[in-house]
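**Student:** So the protein sequences, as listed, match chains A and B.
Just add 51 to the spot in the first sequence (first one is 1) and you have this note's numbering.
Just add 51 to the spot in the second sequence (first one is 1) and you have this note's numbering.
Even for Gly, the Cβ is constructed at its ideal location relative to N, Cα and C.
2 protein chains.
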Amino acid sequence: MLERLEEIGKLFDYYSNLLNSKHKDVLELYYFQDMSLSEIAEILNVTRQGVFDLLKRAENNLQFYEKNLGLIDKNKKIIIELESIRDRLINDTDGKEILISDIGKIIESM
Amino acid sequence: MLERLEEIGKLFDYYSNLLNSKHKDVLELYYFQDMSLSEIAEILNVTRQGVFDLLKRAENNLQFYEKNLGLIDKNKKIIIELESIRDRLINDTDGKEILISDIGKIIESM
Numbered sequence: 052m053l054e055r056l057e058e059i060g061k062l063f064d065y066y067s068n069l070l071n072s073k074h075k076d077v078l079e080l081y082y083f084q085d086m087s088l089s090e091i092a093e094i095l096n097v098t099r100q101g102v103f104d105l106l107k108r109a110e111n112n113l114q115f116y117e118k119n120l121g122l123i124d125k126n127k128k129i130i131i132e133l134e135s136i137r138d139r140l141i142n143d144t145d146g147k148e149i150l151i152s153d154i155g156k157i158i159e160s161m
Numbered sequence: 052m053l054e055r056l057e058e059i060g061k062l063f064d065y066y067s068n069l070l071n072s073k074h075k076d077v078l079e080l081y082y083f084q085d086m087s088l089s090e091i092a093e094i095l096n097v098t099r100q101g102v103f104d105l106l107k108r109a110e111n112n113l114q115f116y117e118k119n120l121g122l123i124d125k126n127k128k129i130i131i132e133l134e135s136i137r138d139r140l141i142n143d144t145d146g147k148e149i150l151i152s153d154i155g156k157i158i159e160s161m
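#1: Got a sec: is the Cβ-Cβ distance from Asn-112 of chain B to anything in chain A below 8 Å?
#2: At what residues does the alpha helix (DSSP H) containing Tyr-66 of chain A begin and finish?
#3: Contact defined as beta carbons within less than 8 Å: I believe Leu-140 of chain A pairs with Ile-158 of chain B. What is the distance between those atoms, to the nearest angstrom?
#4: For chain A, is any of its Cβ atoms less than 8 Å away from the one on Asn-71 of chain B?
#5: Please classify Phe-63 of chain B as buried or exposed, where buried requires at least 16 other C-beta atoms within 10 Å of its C-beta.
#6: List the whole-angstrom C-beta distance separating Met-161 of chain B from Ile-154 of chain A, where the pair is believed to meet the contact cut-off of C-beta under 8 Å.
#7: Excluding sequence positions up to five away, which residues of its chain have a Cβ less than 7 Å from the Cβ of Asp-145 of chain B?
#8: Does DSSP classify Asp-97 of chain A as helix, strand or coil?
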């Protein structure tokens, strides 16, 4: 569950702006406010099954966005490359030509 | 028109993976293969008005994605910052502490 929460949290950070308000609400209540399906059903005035369906659809949408845009994955790669450049700058392990070239590669990949 | 083409091309690069195949097709035929609405209507077997509506909806979707995710804008800012770091590294205009700190800021912003 904790892993699932982390995964949804990350997807939500990146893509929640693309969700409609009902999908956003149901994810927030379930994952971030730790409410049960029945509690959410009462708040949103839908059935428990309705909440379940909304939740599934909201999660599917988030996963669709990441599958097709891959922002989490792309950002992670760029962060790793930038951290590597920063570390090599800190430790003087590479000449500046290599660092310049590596920065150029990141720019080109964007 | 050239400006419009450039704008749609950029949006298409970033977000076309989120479009359904009909929206993708109509944008490709109209903007990148330079076909008229009537020609596209014949190919897709819909009315000229139908093509126009598809085109509008496809463009609106692209704009919705940029408005809500802002990837083009975000990427542009990061590229400008990386180019600045690269230039300062090339020209030795800043001490490495400043560059290290600026790389850290980009990482945090991602």
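**Tutor:** Judging by the given coordinates:
#1: Along the second sequence, one-based indexing puts residue 112 of chain B at 61. Residue-level contact by beta carbon fails for Asn-112 of chain B and chain A, as no gap is shorter than 8 Å.
#2: Position 15 of the first sequence, counted from the first residue, corresponds to residue 66 of chain A. Boundaries of the alpha helix (DSSP H) around Tyr-66 of chain A: 53–66.
#3: By one-based count along the first sequence, residue 140 of chain A stands at place 89. By one-based count along the second sequence, residue 158 of chain B stands at place 107. About 13 Å separates the beta carbon of Leu-140 of chain A from that of Ile-158 of chain B, a gap too long to meet the 8 Å contact definition.
#4: Against the second sequence, residue 71 of chain B aligns to sequence position 20. The C-beta of Asn-71 of chain B comes no closer than 8 Å to any C-beta of chain A.
#5: Within the second sequence, numbered from 1, the residue matching residue 63 of chain B stands at position 12. Under this definition Phe-63 of chain B is a buried residue.
#6: Position 110 of the second sequence, counted from the start, is the residue given in the question as residue 161 of chain B. Position 103 of the first sequence, counted from the start, is the residue given in the question as residue 154 of chain A. The Cβ separation is near 15 Å, so there is no contact.
#7: For this step, residue 145 of chain B is matched to residue 94 along the second sequence. Once the five neighbours on either side are set aside, the close Cβ partners of Asp-145 of chain B are Arg-139.
#8: Counting from 1 along the first sequence, the entry for residue 97 of chain A is found at position 46. Looking at the sequence itself, residue 97 of chain A is Val, so the reference to Asp does not match. Coil, per DSSP.
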